[in-house]
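This note's numbering puts the first residue of the sequence shown at 1, with every later residue one more than the last. Since the structure comes first, as structure tokens, the remarks are kept for the end.
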Amino acid sequence: MKTEIWNHNSIRFVEKDGEWWAVLKDVCDALDLDTRMTARRLEKDVLFRHPLETAGGVQEMLIVNEYGIYEVIFRSNKPEAKDFRKWVVC
1 MKTEIWNHNS IRFVEKDGEW WAVLKDVCDA LDLDTRMTAR RLEKDVLFRH
51 PLETAGGVQE MLIVNEYGIY EVIFRSNKPE AKDFRKWVVC
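Following this line, the structure appears as structure tokens:
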């Protein structure tokens, strides 16, 4: 597992089929978005349930591929999303 820090938030990444997928909850937390509402708006082919070791034990987490990350940040109008877009693109 890979972890990146943005805006004092840790965003965990897991490798799936040779690609890095981000934990959707972490992306949503960094942007102050509701994870469930965000997941409902995303296409199903960008989401995947993945077992992830957490402090409370193994949990099924929604992970999102690179395209899904872009969908989340480019759809958001929140100020955090503007900074996040710059962080991702640069």
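Heads up, the beta-carbon is just placed ideally off N, CA and C, and yes, glycines get one too.
Given that a residue counts as buried once 16 or more other Cβ atoms are within 10 Å of its Cβ, and exposed if not, what is residue i?
i	result
residue 25	buried
residue 54	exposed
residue 106	The chain is shown only over 1 to 90; residue 106 falls outside these bounds and no answer can be derived.
Tell me the DSSP bridge mates of residue i?
i	result
residue 33	None, per the DSSP bridge assignment.
residue 58	53
residue 20	15
Can you tell me the Cα-Cα spacing of residue i and residue j, whole angstroms?
i	j	result
residue 77	residue 56	33 Å
residue 85	residue 44	22 Å
residue 39	residue 83	21 Å
residue 33	residue 80	10 Å
residue 12	residue 49	14 Å
residue 75	residue 23	18 Å
residue 14	residue 37	22 Å
Which whole-angstrom value describes the C-beta separation of residue i and residue j, a residue pair presumed to lie in contact below a C-beta threshold of 8 Å?
i	j	result
residue 52	residue 61	4 Å
residue 58	residue 73	Actually they do not touch by this definition, with Cβ atoms about 28 Å apart.
residue 71	residue 42	6 Å
Exercise. Is there contact between the region 54–72 and the region 18–30, where contact requires at least three CB pairs shorter than 8 Å?
Worked result: yes
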